[in-house]
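Residue numbers (my numbering), protein chains in the order written: chain A, 10 to 402; chain B, 33 to 478.
Every residue, glycine too, gets a C-beta built ideally from N, C-alpha and C.
What you are looking at is a predicted structure, and each value in this text was computed from that prediction instead of being measured.
Heads up, the thing below is written out as structure tokens.
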Amino acid sequence: MKFVQNLFDSTRPAVTTGKLKGLYPLHNALETMFFVPNHNAHSGAHVRDAIDMKRTMVTVIFALVPALIFGLFNSGYQHHLAIGQIESGWANFWTLENALYGALKVIPMIAVTYIAGLAIEIYFAYRNKHAVNEGFLVSGILIPLIMPVDIPLWMVAISTAFAVLIGKEVFGGTGMNILNPALTARAFAFFAYPTYMSGDKVWAGLTNVDGVSSATALGQYASTGTNSFGVIDGFLGLVPGSIGETSTLAILIGAIYLIATGVGSWKIMLSAVLGAVTMGLIFNGVADLMISPEQQSYLAVPFYYHLVFGGFAFGAVFMATDPVSAAHTETGKWIYGFLVGFFSIMIRVFNPAYPEGVMLAILFMNVMAPLIDHYVVNANIQKRLKRVQTVQA
Amino acid sequence: MPNLHTVRKGLDLPILGAPDALVDGHLSASVYAVRPSDFRGLVPKLAVKEGDRVLAGDVLFTDKADPRIRITSPVSGEVARVERGEKRKILAVVVLADSQQEYRKFTSGTPANREDAINWLLESGAWSLVESRPYGRIANPDAEPKAVFINGMATEPLAVAPAVALAGREEDFAMGLQVVGLLSKRTVLSIAASETAPALTKASGVELHQFKGPHPAGTTSVHINQVSPLNKGEVVWTLNYQDVVILGHLARTGNLKLERVLALSGTGIAKPRAVTAVAGASLEAFLNAELKSGNYRVISGSVLTGTKVSKTDYLTYYASQLTAIPEGEGTDFFGWVLPSFAKWSVSRTLFSWLTPSKKYDLNTKQHGEDRAFVVTGLYEKVFPFDILPMPLLKAMWAKDLEKMEQLGAYEVVPEDFALCEVVCPSKQELQKLAEEALDLLYTEMN
Numbered sequence: 010m011k012f013v014q015n016l017f018d019s020t021r022p023a024v025t026t027g028k029l030k031g032l033y034p035l036h037n038a039l040e041t042m043f044f045v046p047n048h049n050a051h052s053g054a055h056v057r058d059a060i061d062m063k064r065t066m067v068t069v070i071f072a073l074v075p076a077l078i079f080g081l082f083n084s085g086y087q088h089h090l091a092i093g094q095i096e097s098g099w100a101n102f103w104t105l106e107n108a109l110y111g112a113l114k115v116i117p118m119i120a121v122t123y124i125a126g127l128a129i130e131i132y133f134a135y136r137n138k139h140a141v142n143e144g145f146l147v148s149g150i151l152i153p154l155i156m157p158v159d160i161p162l163w164m165v166a167i168s169t170a171f172a173v174l175i176g177k178e179v180f181g182g183t184g185m186n187i188l189n190p191a192l193t194a195r196a197f198a199f200f201a202y203p204t205y206m207s208g209d210k211v212w213a214g215l216t217n218v219d220g221v222s223s224a225t226a227l228g229q230y231a232s233t234g235t236n237s238f239g240v241i242d243g244f245l246g247l248v249p250g251s252i253g254e255t256s257t258l259a260i261l262i263g264a265i266y267l268i269a270t271g272v273g274s275w276k277i278m279l280s281a282v283l284g285a286v287t288m289g290l291i292f293n294g295v296a297d298l299m300i301s302p303e304q305q306s307y308l309a310v311p312f313y314y315h316l317v318f319g320g321f322a323f324g325a326v327f328m329a330t331d332p333v334s335a336a337h338t339e340t341g342k343w344i345y346g347f348l349v350g351f352f353s354i355m356i357r358v359f360n361p362a363y364p365e366g367v368m369l370a371i372l373f374m375n376v377m378a379p380l381i382d383h384y385v386v387n388a389n390i391q392k393r394l395k396r397v398q399t400v401q402a
Numbered sequence: 033m034p035n036l037h038t039v040r041k042g043l044d045l046p047i048l049g050a051p052d053a054l055v056d057g058h059l060s061a062s063v064y065a066v067r068p069s070d071f072r073g074l075v076p077k078l079a080v081k082e083g084d085r086v087l088a089g090d091v092l093f094t095d096k097a098d099p100r101i102r103i104t105s106p107v108s109g110e111v112a113r114v115e116r117g118e119k120r121k122i123l124a125v126v127v128l129a130d131s132q133q134e135y136r137k138f139t140s141g142t143p144a145n146r147e148d149a150i151n152w153l154l155e156s157g158a159w160s161l162v163e164s165r166p167y168g169r170i171a172n173p174d175a176e177p178k179a180v181f182i183n184g185m186a187t188e189p190l191a192v193a194p195a196v197a198l199a200g201r202e203e204d205f206a207m208g209l210q211v212v213g214l215l216s217k218r219t220v221l222s223i224a225a226s227e228t229a230p231a232l233t234k235a236s237g238v239e240l241h242q243f244k245g246p247h248p249a250g251t252t253s254v255h256i257n258q259v260s261p262l263n264k265g266e267v268v269w270t271l272n273y274q275d276v277v278i279l280g281h282l283a284r285t286g287n288l289k290l291e292r293v294l295a296l297s298g299t300g301i302a303k304p305r306a307v308t309a310v311a312g313a314s315l316e317a318f319l320n321a322e323l324k325s326g327n328y329r330v331i332s333g334s335v336l337t338g339t340k341v342s343k344t345d346y347l348t349y350y351a352s353q354l355t356a357i358p359e360g361e362g363t364d365f366f367g368w369v370l371p372s373f374a375k376w377s378v379s380r381t382l383f384s385w386l387t388p389s390k391k392y393d394l395n396t397k398q399h400g401e402d403r404a405f406v407v408t409g410l411y412e413k414v415f416p417f418d419i420l421p422m423p424l425l426k427a428m429w430a431k432d433l434e435k436m437e438q439l440g441a442y443e444v445v446p447e448d449f450a451l452c453e454v455v456c457p458s459k460q461e462l463q464k465l466a467e468e469a470l471d472l473l474y475t476e477m478n
């Protein structure tokens, strides 16, 4: 520890007064990663809570670990299953081959995301003379987890750069962004490189393999109105999909951790589920009114299927709860979460071109969140005005 | 129970170093100083010069904006010097105290009516103890407050219970209540639901309200918010129970004795207890005897809202607490990710929630760097007002006066954001932000 501290101490003059001034944000980011600095409260309250932004963010990363590990195995499992190397079943799931396949695909993606994103973050920290914010520590894991396993690394890099630049830095950086950066990256990739983001090849590493396919549950629903997977498969995660989104169970473990630590908003998660269930039940009720048999069959899917298939669970737990892009007021969070769930299922069922409705629903609600907050804040203002009128009357 | 208010949101800091519940000793000093910066918004106009003899109760300086507002000397003696800073700004008026204290005699006895009471308080300088809301400044004597709120509670960390501080001073307190009762049609006394001291529970001539719950249940802002929320254009005056004792003493004897019971607490103090102390006392000799050796921060006031002072400094004018806690030292290797049982956090990202009754030797460490607002919903947990803290703070940040007004800026003083500041993971300086914003609001509105 002393050795690391000495290293930082000896290089500090070079980046503060010396020739390498431009590297100060990087130096500072690395140093504060190793050591929480010895800053003392200098104004206001003299004691402070031991939590800081780094610990808040690393808590989210811990919560993502189950989904990440499951994603590594599942990527390999889906690939080997599709090309016929293995039989389906748990016996062939937790194997070294699956893990290796997944690791070789996913770890480079994580590395590329971090390098692309942090390079831009550090540049802006230097340009705007502030410290590197921790928000991207989470985004850097989230972005790979919501990509198909087969996406080329350069697309990941460009999507990440787009998300950090247009999604975050143009608005003033961490804390100021309107859209969730990770979903901005996915939306960019989705619309810029649609062939790599949808279809029945990309989810199991089959882009260069002819003759076999592996469609996601939602993809199947959108084209045929039925699905070859059971609800238990969907809950446990033995289905093709984006890397981190398939196992509702692993996501649920993360959700419990986020709620227990108080870092994730349980209000948003719960209300998103309520919204999805509401929409699912409405669809069940009106399924007979649809014209095509595929639509009738898709609308009649039991409402709880929607909670386990596709990216709904991942979105509701890790994306919708991003405190910056979600509603900021406590009442607003209920409305925001409910509508995220409601629109997710609506878009996914009614628009076969976008089977993954949750991404669009959250981005849409990110844009709407300030409006929700506006009305919540206004209600508080009106209450105060009313009080004055009662006094005067 | 009538008038019982339960406050659910808030936080009692689990901090070690609570004072013993007895008054033992006096903070004796030979030098006293009054700092204009202790009075929010006051621009001083000196009434003395170096070498002048003053009695306790003689005016040292007045408010430039309203010369009727006098700040008087807490002790008799000789004006040793006037400390000045940049642009000759007056930092402190220092008085060398006589060994035998002499008081300027003011009229004793309860004044006949409101006008007499106000003039008598203005003349003696005791008016400095009457604060007004909004803004939390010395009251404007011409205002017509809708009520006077007397705070008979002490929920700040490491404070002394009012029952302890009032013991032996019941007569002065009762007399003080009579004086305060003249100032407005409505006088509200707020006490803790668990209060047993008869001086408080059986106080006469006041509207009694009881409060229970964690800090800030004992702050005047919460009391006003619960009993009679402040609307635009309305004014209330506020006093602390110890100030009422000072007014009562003035009425009984004619002497303005600015003496309070001071909670001497924190882990840096060898023997945490209560002592009596006169406003502005020099701390040097006293702390040499009371402070443990080591690197401690001395705070005139509580750890939430007090002023950092050096060992050679003076007690602030309104202080009823003197706290010493360890200054944070050293860096923390991977302190943001490693689990630790020694650290305290309201969030459950550390383990302190497993031991809710454990107390900590909290130091002044900030535990992280300044960041942008990111996390939402945290301030709300410790902010028991019908006010949205984040939107209000953002309006303050943007200096949007209209929004501030609409969101309830008149109902708060900077100290109300102390707990938000404690729990903030972005380490924002909220009290400073609120202070600047409210100053701006005051300037624009007056």
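Any C-beta of chain A within less than 7 Å: which residues of the stretch 455–468 of chain B qualify?
Val455, Pro457, Ser458, Lys459, Glu461, Leu462, Gln463 and Lys464
Under 8 Å from the C-beta of alanine 269/A: neighbouring residues of chain B
The count along the first sequence starts at 1 and reaches residue 269/A at position 260. Neighbours of alanine 269/A on chain B, chain order: Arg380.
CB-CB length for tyrosine 307/A against valine 358/A, believed under 8 Å
In the first sequence, residue 307/A corresponds to position 298, counting from 1. In the first sequence, residue 358/A corresponds to position 349, counting from 1. Confirmed, about 6 Å.
Closest by C-alpha distance to phenylalanine 205/B, when choosing among Lys303/B, Gly73/B, Asp448/B and Ile278/B:
To locate residue 205/B, count along the second sequence from 1; it is residue 173. The shortest Cα separation from phenylalanine 205/B among Lys303/B, Gly73/B, Asp448/B and Ile278/B belongs to Ile278/B.
Could you please tell me which residues of the stretch 315–345 of chain A, in chain order, have their CB closer than 7 Å to any CB of chain B?
Pro332, Val333, His337, Thr338 and Glu339
Hey, is isoleucine 256/B's beta-carbon within less than 8 Å of any beta-carbon in chain A?
Here residue 256/B refers to the residue found at position 224 when the second sequence is read from its first residue. Taking Cβ atoms only, chain A never reaches closer than 8 Å to isoleucine 256/B, which makes this a no.
Provide the residue(s) that pair with lysine 244/B in DSSP beta bridges, ordered along the chain.
Here residue 244/B refers to the residue found at position 212 when the second sequence is read from its first residue. Per DSSP, Thr38/B.
Is there at least one Cβ from chain B nearer than 8 Å to proline 46/A's Cβ?
Position 37 of the first sequence holds residue 46/A. So, interface residue.
Can you tell me whether tyrosine 384/A is buried or exposed? The criterion is at least 16 other CB atoms within 10 Å of its CB, across all chains shown.
Residue numbering aside, residue 384/A sits at position 375 when the first sequence is read from its first letter. Answer is exposed; the Cβ neighbour count stays below 16.
For the candidate residues Pro194/B, Ile256/B, Lys426/B and Val406/B, whose alpha-carbon lies nearest to that of proline 332/A?
Counted from its first residue, the first sequence places residue 332/A at position 323. Of the candidates Pro194/B, Ile256/B, Lys426/B and Val406/B, the one whose C-alpha sits nearest the C-alpha of proline 332/A is Val406/B.
Within the stretch 227–284 of chain B, ranges of the beta strand (DSSP E) (whole runs, at least 3 residues)
239–244 and 268–272
Let's test the definition: count the other Cβ atoms within 10 Å of the Cβ of threonine 408/B and tell me whether it reaches 16, buried, or not, exposed.
Locating residue 408/B in the second sequence gives position 376, where the first residue counts as 1. Classification of threonine 408/B: buried, given that the 10 Å Cβ count is 16 or more.
Could you check the C-alpha separation between valine 158/A and phenylalanine 199/A for me, to the nearest Å?
Residue 158/A sits at position 149 when you count from the first residue of the first sequence. Residue 199/A sits at position 190 when you count from the first residue of the first sequence. If you take the alpha carbons of valine 158/A and phenylalanine 199/A, they lie about 14 Å apart.
For threonine 139/B, count neighbouring C-beta atoms within 10 Å of its own C-beta (all shown protein chains included) and say buried if the count is 16 or more, exposed if not.
Locating residue 139/B in the second sequence gives position 107, where the first residue counts as 1. With fewer than 16 Cβ atoms within 10 Å of its Cβ, threonine 139/B is classed as exposed.
For the stretch 42–65 of chain B, enumerate the residues whose C-beta is nearer than 9 Å to any C-beta of chain A, in chain order.
Leu45 and Ile47
Can you tell me whether DSSP reads lysine 484/B as helix, strand or coil?
Outside the shown range of chain B, which is 33 to 478, sits residue 484/B, and nothing can be said about it.
When you compare the CB positions of glycine 319/A and alanine 226/A, do they come within less than 8 Å of one another, or not?
Your numbering for residue 319/A matches position 310 in the first sequence. Your numbering for residue 226/A matches position 217 in the first sequence. Yes; because the gap between Cβ atoms is below 8 Å, this pair is in contact.
Coarse secondary structure for valine 240/A, derived from DSSP in three states
Reading the first sequence from its first residue, position 231 is the one you call residue 240/A. If DSSP states are grouped into helix, strand and coil, valine 240/A belongs with the helices.
Ordered along the chain, which non-local residues of its own chain (more than five positions away) have a Cβ less than 8 Å from that of lysine 81/B?
One-based indexing of the second sequence puts residue 81/B at position 49. Correct list, in chain order: Val111 and Val114.
Cutoff 8 Å: alanine 196/A Cβ touching any chain B Cβ
The count along the first sequence starts at 1 and reaches residue 196/A at position 187. False, the Cβ-Cβ gap to chain B never drops below 8 Å.
Could you name the residues of chain B that glycine 144/A contacts, counting a contact when the two beta carbons are closer than 8 Å?
Walking along the first sequence from the start, residue 144/A turns up at place 135. Per Cβ cutoff of 8 Å: Val406.
For proline 358/B, which of helix, strand or coil comes out of DSSP?
Taking the second sequence and counting its residues from 1, one reaches residue 358/B at position 326. Note: proline 358/B maps to strand in three-state DSSP.
So, at 6 Å on beta carbons, what are the nonlocal neighbours of serine 280/A in its own chain, with the 5 sequence-adjacent residues on each side left out?
Within the first sequence, the letter at position 271 stands for residue 280/A. Taken in chain order, the residues that qualify are Trp343, Gly346 and Phe347.
State yes or no: is the beta carbon of lysine 397/B nearer than 8 Å to at least one beta carbon in chain A?
As a position in the second sequence, residue 397/B is number 365, starting the count at 1. With 8 Å as the cut-off, lysine 397/B counts as an interface residue toward chain A.
Which residue's Cα is closest to the Cα of phenylalanine 43/A: Pro361/A, Leu258/A, Ala112/A and Asn15/A?
What you label residue 43/A is simply residue 34 of the first sequence in a count that begins at 1. Comparing Cα-Cα distances from phenylalanine 43/A to each of Pro361/A, Leu258/A, Ala112/A and Asn15/A, the minimum goes to Asn15/A.
Quick one: what's got a C-beta closer than 6 Å to threonine 216/A's C-beta in the same chain, skipping five residues either side?
Position 207 of the first sequence, counted from the start, is the residue given in the question as residue 216/A. Answer for threonine 216/A: Asp159 and Lys210, listed in chain order.
For a test of your reading of the model: does the CB of threonine 381/B fall under 7 Å from any non-hydrogen atom of the ligand COA? Yes or no.
With respect to the ligand COA, the structure offers nothing, as it holds no ligand at all.
Name, please, each residue of chain B whose Cβ falls closer than 9 Å to the Cβ of asparagine 389/A.
By 1-based counting over the first sequence, the position of residue 389/A is 380. By Cβ distance, chain B contributes Asp418, Ile419, Leu420, Pro423, Gln438, Leu439 and Gly440.
List, in chain order, every chain A residue whose beta-carbon is nearer than 9 Å to that of serine 377/B.
Taking the first residue of the second sequence as 1, we reach residue 377/B at position 345. Simply Asp58, Ala59, Ile60 and Arg64.
Just the C-alpha distance for isoleucine 262/A and glutamate 291/B, rounded to the nearest angstrom, thanks.
In the first sequence, counting from the first residue as 1, residue 262/A sits at position 253. In the second sequence, counting from the first residue as 1, residue 291/B sits at position 259. Each residue's alpha carbon lies about 58 Å from the other.
Beta-carbon neighbours of alanine 281/A, restricted to chain B and to distances below 9 Å
Within the first sequence, the letter at position 272 stands for residue 281/A. Under the 9 Å cutoff, chain B gives no residues; its nearest Cβ is about 16 Å from alanine 281/A.
Serine 51/A to glutamine 398/A span [Cα, whole Å]
Reading the first sequence from its first residue, position 42 is the one you call residue 51/A. Reading the first sequence from its first residue, position 389 is the one you call residue 398/A. Note on identity: in this sequence residue 51/A is histidine, with serine being the wrong assignment. Whole-angstrom Cα-Cα distance: 42 Å.
Applying the 10 Å Cβ sphere with the 16-neighbour rule, what's the burial state of isoleucine 241/A?
Counted from its first residue, the first sequence places residue 241/A at position 232. Exposed.
With distances taken from CA atoms, which of Ser216/B, Phe181/B and Leu288/B is nearest leucine 240/B?
Along the second sequence, one-based indexing puts residue 240/B at 208. Per the Cα distances, Phe181/B.
By the 10 Å Cβ neighbour count, where 16 or more other Cβ atoms means buried, how is serine 342/B classified, buried or exposed?
Sequence index remark: in the second sequence, residue 342/B carries index 310 (1-based). Its Cβ having fewer than 16 others within 10 Å, serine 342/B is exposed.
Let me make sure I understand the geometry here. Which of Met422/B, Tyr474/B, Asn478/B and Ala193/B has the alpha-carbon closest to that of arginine 305/B?
Residue 305/B sits at position 273 when you count from the first residue of the second sequence. For arginine 305/B, the nearest C-alpha among the options comes from Ala193/B.
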